[in-house]
Structures are given as C-alpha cells and as structure tokens.
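Colleague: Numbering (the numbering used here), first residue to last: 5 to 68. Before anything else, here's the structure in question.
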C-alpha cells in the first residue's frame with residue numbers, strides 16, 4: 005500500500021496545479037513533474053555558471 009499525506013495549499017495554488025497537469029494526471033504526478041523540471045533547470049543554471057566562471061579553462065572546437 006502506498007503511503008499518502010495531506011498538505012494544505014491555497015485554492016489558487018490548487019487551481020494552478022490543475023492547469024499545469026494533463027488530463028488524467030493526479031496532483032502527485034503533477035508535483036513530481038514540477039520537481040523534475042526544477043531539478044533540470046537548476047542543473048542547467050549550474051552548468052552555465054561553470055562555463056561562464058571557468059571560461060578560460062575550456063578550449064574552442066575550432067582550436068582542436
């Protein structure tokens with residue numbers, strides 16, 4: 005049996021979650037997808053920062 009919990013959210017937040025999901029999605033799958041997207045965006049932001057901050061350490065493809 006899957007364990008569940010109840011969380012309190014504003015009606016506006018619930019409505020936004022409803023609009024974010026696809027037909028047949030439950031709130032759990034919508035939230036899981038939002039977390040995945042957040043993690044993906046965080047990784048891209050981190051990667052861009054590394055490239056920007058350490059630009060001198062990278063070699064252009066044209067130089068190879």
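Where a beta carbon is used, it is the ideal one built from N, C-alpha and C, also for glycine.
From what residue to what residue does the alpha helix (DSSP H) around residue 41 run?
Modeller: Counting along the chain, the alpha helix (DSSP H) containing residue 41 begins and ends at 31 to 57.
Colleague: My assumption, with CB atoms under 8 Å, is that residue 109 sits in contact with residue 25. Please give the rounded CB distance.
Modeller: Nothing can be reported for residue 109: it is not among the residues displayed for the chain, which extend from 5 to 68.
Colleague: May I have the straight-line CA-CA distance separating residue 9 from residue 17, to the nearest angstrom?
Modeller: If you take the alpha carbons of residue 9 and residue 17, they lie about 17 Å apart.
Colleague: Whole-angstrom Cβ separation of residue 21 and residue 31, contact assumed at under 8 Å?
Modeller: Correct: roughly 6 Å between the Cβ atoms.
Colleague: Could you tell me the boundaries of the alpha helix (DSSP H) in which residue 15 lies?
Modeller: Segment 15 to 24, the alpha helix (DSSP H) holding residue 15.
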